[in-house]
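Enquirer: FYI, in the numbering used here the residues of the sequence shown are 161 to 626.
Right, I'll just put the structure down here and ask away after.
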Amino acid sequence: MALDDVLSRLVITNSDDVQTIRDTVTYWYTYSSTARDILDFIVSQNKTLEFTPGERTKADPGDFKVYYNTGEFDEKYYIASDGTFSAYTLQKGLMHEMIHAVLGTGDGVLLANGEFKGTPSNLTTQHYDYVGDTVPIENAIYVDVYGAQTKDRASYYSTLYKYELEQQLDTDLQHSLTDGHHVGLVLEDQLPYNHPGANAIDTSDRTDDVLLMGMTGADQIRAGSGNDYLYGGTLDDTLIGGTGTDKLHGNADNDILVGGNWSQPSSLETLDLTADHREWNDHVGDILAGGKGNDTYLISADESETWDWAYLSEFTDQKAHELLSRIDTIDESKGDGVGSIKLQLYHEYWDPGEQFQVINVGGSFDYGYSDPDSGAAFYYGTGAQVALFNVTENGDAVPYLFVLTGYPASPVVAIKDFYQGDLGINLEDYDRTRPPEEQDDNLVQDYGTPIHDQQLANHSEMSWLV
C-alpha cells in the first residue's frame with residue numbers, strides 16, 4: 161500500500177478543506193510509521209474515511225467518519241507531563257480523531273447518552289482512567305515525528321486555550337505548571353458549568369505526582385500522597401494537597417488552602433479550631449500560594465515538632481532551608497497579601513479537651529531585638545512572636561517571616577516575601593510595603609459564565625474534547 165492509495169480513500173465533504181486535510185494525512189503518513197499503519201488499515205479494510213466540518217468534533221469509535229471545526233484549534237494547547245505547553249493544532253486534532261474513527265479506540269468511560277454525552281460523570285471516581293486508549297497512540301505518533309524533542313500529551317483532559325491559562329491559571333506559555341517536574345497525571349476540570357460533576361476533583365487514591373486544575377467555578381480539589389501541583393482558577397476554591405510536598409495555587413478570588421488532608425471540609429463560619437485538625441499537617445513543607453483575593457490558610461502544628469529550631473537559635477541559611485522542608489510556607493509573592501491564617505497548636509501533654517490551642521497570628525507586633533549573628537529580627541504579639549530572616553534563593557535574599565509559638569517558642573509556618581500588612585500582620589517600624597499593583601488588562605477576576613463553557617453546554621449537539 162502507498163500514500164496515493166490512502167488519499168484515494170478520503171471523502172472530504174467541504175471543498176474548501178480538501179488541500180488542508182490531504183496535506184495533514186500526507187504529513188502523518190510520511191513521518192510516522194504508527195500513523196502509516198493506521199491509515200493503511202483503511203485501505204486493507206476497503207473502507208473510506210469521511211471528513212465533515214461542523215460544530216460536532218468528536219468521532220464515533222470505528223465509524224470511519226471524522227468531524228472537525230477548523231476554528232476550534234486557534235491558540236489551543238495541550239499540557240505535557242512536565243507541565244509545559246505545546247500547540248494543539250488542527251493537524252494534531254485531526255490525527256486524534258482519525259485514531260478514533262479507524263481503530264475504534266475511546267477516551268475512557270464516558271456518558272453514552274443525555275445532555276452531557278461524551279463526558280465523564282465526574283472527576284472524583286477512584287482509579288479512573290483519565291488517559292484513555294487514544295492518547296497513548298497519539299503520543300507514539302509524536303515520538304515518530306519529533307523524536308527526543310517530543311512533548312507528550314499527558315492525558316485526555318489536558319487541553320486548554322491561551323486565554324484560559326492566562327486568565328484562570330495566571331501564567332503564560334513560557335512557564336511550566338510543575339516547575340519542569342514530570343507528573344503521572346494532568347487533569348483539568350473542563351466539565352461545563354452546569355454539569356452535575358463539575359467543580360470537584362479528587363485523586364486522593366493516587367500515590368504518584370499529579371497536576372490538577374479547577375479552572376472556572378468554585379472548586380474543591382483534593383490530591384493524594386504524591387508531590388502534587390494544584391491550581392484553583394477563578395472563584396472561591398478549596399485546595400487540599402494531601403500527603404507529600406505539594407504546591408497549591410489558589411489563583412483569583414477567595415480560596416482556602418490546606419497542605420495536608422481535610423477529610424470533612426466545612427465553611428469557615430463553622431470551623432472549630434479547638435477540634436482535632438492534625439490531619440492538616442502532613443509534616444512536610446508545602447507551598448501555599450493563595451494569589452489574588454481574601455485567602456485562608458489552614459495550619460495545624462505540633463508543639464514539639466520543630467523544637468530543633470526553637471527561638472531560631474544560631475539560625476543560618478542552611479537551617480532555614482531545612483526548616484522550610486518541614487513547615488508550610490505561605491507565598492503571597494504573586495498575590496495581594498490579603499487573607500488570614502487559621503492556626504491551631506497541638507499540645508500532647510495538656511489535659512484532654514484542651515489540647516488544641518487557637519493561635520492568633522494577625523495584629524500588631526512590637527519590635528523586640530535583632531540577633532547580631534543571624535540578622536533575624538524578632539517581634540512580639542499577643543498570641544505569637546514572629547521573626548524576619550532573609551533566606552537565600554537563587555542568589556537573592558528573600559525576606560521570610562517565621563511565626564513562632566508554644567514553649568519553647570518554635571516556628572510553625574513561614575510567610576515568603578513578606579510585606580508590611582500581609583495577612584493582617586503589622587510589624588513595628590517595618591517599612592517594606594507592597595508596591596502598587598500593576599494593571600494588567602489580560603487578567604480579569606470576575607468572568608461570569610465563560611463563553612467557552614456556554615458553547616460546550618449541549619453535548620448532544622457537539623463534542624466536549626478532542
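Think of the CB as a built atom: it goes at the ideal place given N, C-alpha and C, for glycine as much as any other residue.
Which value, in whole angstroms, describes the spacing of the CA atoms of His287 and Leu448?
Expert: Going from the Cα of His287 to the Cα of Leu448 covers about 27 Å.
Enquirer: Please determine, among Thr184, Gln179, Thr394, Asp589, the residue with the shortest C-alpha to C-alpha distance to Gln328.
Expert: Taking only the C-alpha atoms, the option nearest Gln328 is Thr394.
Enquirer: Is Gln478 buried or exposed, if buried means 16 or more other CB atoms sit within 10 Å of its CB?
Expert: Per the 10 Å Cβ criterion, exposed.
Enquirer: Quick check on this structure: which residue in Asn273, Pro425, Asn554 has the alpha carbon closest to the alpha carbon of Thr398?
Expert: Among Asn273, Pro425, Asn554, the Cα nearest to that of Thr398 belongs to Pro425.
Enquirer: Is there contact between the region 424-438 and the region 467-486, where contact requires at least three CB pairs shorter than 8 Å?
Expert: With a cut-off of 8 Å, the region 467-486 and the region 424-438 do not count as touching, because too few Cβ pairs lie within range.
Enquirer: Using three-state DSSP, classify Asn586 as helix, strand or coil.
Expert: Of the three classes helix, strand and coil, the one that applies to Asn586 here is strand, per DSSP.
Enquirer: Indicate the three-state DSSP secondary structure (helix, strand or coil) for Tyr579 in the structure shown.
Expert: Tyr579 falls in the coil class under three-state DSSP.
Enquirer: Nearest-angstrom Cα distance between Gly608 and Val305?
Expert: Because the pLDDT of Gly608 is 33, which lies under 50, any placement of that residue in the model is unreliable, and the question is left without a value.
Enquirer: Within the continuous beta strand (DSSP E) that includes Asn354, where are the two ends?
Expert: Careful: Asn354 lies outside any beta strand (DSSP E) and carries neither H nor E.
Enquirer: According to the Cβ coordinates, are Asn550 and Gly566 closer than 8 Å?
Expert: Their beta carbons are not under 8 Å apart, which means Asn550 does not touch Gly566 by this criterion.
Enquirer: For Tyr189, name the three-state secondary structure that DSSP assigns.
Expert: Helix at Tyr189.
Enquirer: For Val269, which three-state DSSP category applies?
Expert: Correct three-state label for Val269: coil.
Enquirer: On the DSSP letters alone, give me the boundaries of the beta strand (DSSP E) that His409 sits inside.
Expert: From DSSP, the beta strand (DSSP E) with His409 extends over 407-409.
Enquirer: Assuming contact is defined by CB atoms lying nearer than 8 Å, are Gly266 and Asp223 in contact in what I supplied?
Expert: Not closer than 8 Å, so no.
Enquirer: Here's the rule I'm using: 16 or more other beta-carbon atoms within 10 Å means buried, otherwise exposed. How should Ala557 be labelled?
Expert: Its Cβ having fewer than 16 others within 10 Å, Ala557 is exposed.
Enquirer: Within 10 angstroms of its Cβ, does Met161 collect 16 or more other Cβ (buried), or is it exposed?
Expert: Flag for Met161 reads exposed.
Enquirer: Check whether the region 480-499 touches the region 538-545, taking contact to mean three or more Cβ pairs, one atom from each stretch, closer than 8 Å.
Expert: Contact fails: fewer than three Cβ-Cβ distances are below 8 Å.
Enquirer: Short of 6 Å in beta carbon distance, which residues of its chain neighbour Ile110, apart from the five on each side in sequence? Order them along the chain.
Expert: Lying outside 161 to 626, the shown extent of the chain, residue 110 is not represented and no answer is given.
Enquirer: Does DSSP put Thr434 in a helix, in a strand, or in coil?
Expert: Three-state DSSP puts Thr434 in coil, outside helix and strand.
Enquirer: Between Tyr529, Tyr509, Val444, Pro213, which has its C-alpha nearest Ser485's C-alpha?
Expert: When each option's Cα is compared against that of Ser485, the closest is Val444.
Enquirer: Could you check whether Thr319 and Tyr238 sit closer than 8 Å to each other, using their CB atoms as the reference points?
Expert: Yes, Cβ-Cβ distance for Tyr238 and Thr319 is below 8 Å.
Enquirer: Check whether the region 197-209 touches the region 268-276, taking contact to mean three or more Cβ pairs, one atom from each stretch, closer than 8 Å.
Expert: Because the criterion of three Cβ pairs below 8 Å is not met, the region 197-209 and the region 268-276 do not touch.
Enquirer: Let me make sure I understand the geometry here. Which of Met373, Gly419, Pro512, His481 has the alpha-carbon closest to that of Ala435?
Expert: Closest by alpha carbon: Pro512.
Enquirer: Considering Gly253, what are the terminal residues of the alpha helix (DSSP H) in which it resides?
Expert: Unbroken alpha helix (DSSP H) run through Gly253: 250-263.
Enquirer: So what does Asn550 bridge to, in DSSP terms?
Expert: Asn550 pairs with Pro559.
Enquirer: Do the CB positions of Gly357 and Ser385 come within less than 8 Å of each other?
Expert: Not in contact: Gly357 and Ser385 (Cβ atoms no closer than 8 Å).
Enquirer: What are the start and end residues of the beta strand (DSSP E) that includes Tyr321?
Expert: Counting along the chain, the beta strand (DSSP E) containing Tyr321 begins and ends at 319-321.
Enquirer: Please report how far the alpha carbon of Glu439 lies from the alpha carbon of Tyr389, in whole angstroms.
Expert: Between Glu439 and Tyr389, the C-alpha separation is close to 19 Å.
Enquirer: What do you reckon, are the CB atoms on Asn454 and Val518 nearer than 8 Å?
Expert: No. Outside cutoff.
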